[in-house]
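The structure under discussion appears below in the form of structure tokens.
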Amino acid sequence: MKKEKKTERTEREMPVETMKNQEECEDKNCHVHGNLKVRGKTFEGTVIKKFPKRVVIEFERMIFVRKYERYMKGKTKIHAHLPSCMENQIHVGDLIKVRECRPLSKIIHFEVIEKIKGGREK
Ligand SMILES: [Zn+2]
2 MKKEKKTERT EREMPVETMK NQEECEDKNC HVHGNLKVRG KTFEGTVIKK FPKRVVIEFE
62 RMIFVRKYER YMKGKTKIHA HLPSCMENQI HVGDLIKVRE CRPLSKIIHF EVIEKIKGGR
122 EK
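Heads up, the sequence shown is in our numbering, so the first residue is 2 and it goes up one at a time.
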């Protein structure tokens, strides 16, 4: 995985209130304010769906097909928990980073870590 420069993460489009809300949240499943530990794999992907406290990200990856001994381009979808302190920052179309955590529900075992790049800004 290629390394991205930290400077790419701009915060200029965020209103001041969101910056204040970022300080605290009452979500106990927040990796910053709660007691959720994140460890394991990290993925970057685009948000394709947003629900309260949950986002679905999608990214492309190469899948090895044994029959043909070749790679094909495939897509992977991941459901990730969205802590309430980041809810205002993340929208559909954004590029975000998720990290593995303990299973929070049947389909959620990832946590949104940070926003890398805003998508189509309205
Ligand atoms: Zn939080």
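We treat Cβ as the ideally placed atom computed from N, Cα and C, and that holds for glycine.
Since we're looking at a predicted model, the values are computed, not measured.
Report task. Take the Cβ of PRO175 as the centre, count every other Cβ of all protein chains shown within 10 Å, and call the residue buried at 16 or more, exposed below. Result -> Outside the shown range of the chain (2 to 123) lies residue 175, about which nothing can therefore be said.
Report task. With hydrogens ignored, establish whether the beta-carbon of PRO104 is closer than 7 Å to any heavy atom of ligand 1. Result -> no
Query raised in the report: Hey, is VAL99 close to ligand 1, as in C-beta under 7 Å from one of its heavy atoms?
Result: no
Query - Unbroken beta strand (DSSP E) run spanning TYR72, endpoints - result: 71 to 82
Requested in this report: Measure the C-alpha to C-alpha separation of PHE65 and ARG71 and round it to an integer number of angstroms.
Outcome: 6 Å
Query - Nearest to ILE108 (by Cα), restricted to the options MET87, LYS51 and ALA81 - result: ALA81
Query raised in the report: If we call anything under 8 Å between Cβ atoms a contact, is HIS110 one with GLU101?
Result: yes
Query raised in the report: Apart from the five residues just before and just after LEU96, which ones in its own chain have a Cβ nearer than 6 Å to its Cβ?
Result: THR47, ILE117 and LYS118
Query raised in the report: If you measure from each residue's Cβ to the nearest non-hydrogen atom of ligand 1, which ones come out under 5 Å, in chain order?
Result: CYS26, CYS31, VAL33, HIS34, PRO84 and CYS86
Query raised in the report: Mind checking ASN30: buried by the 16 CB within 10 Å criterion, or exposed?
Result: buried
Report task. Would you mind reading off the limits of the beta strand (DSSP E) that contains GLY41? Result -> 39 to 52
Query raised in the report: Is CYS102 helix, strand or coil by DSSP?
Result: strand
Report task. State the CB to CB distance for the pair GLY75 and GLY94, rounded to an integer number of angstroms; the pair is presumed to be in contact (CB under 8 Å). Result -> Their Cβ separation, rounded to whole angstroms, is 21 Å, which puts GLY75 and GLY94 out of contact at 8 Å.
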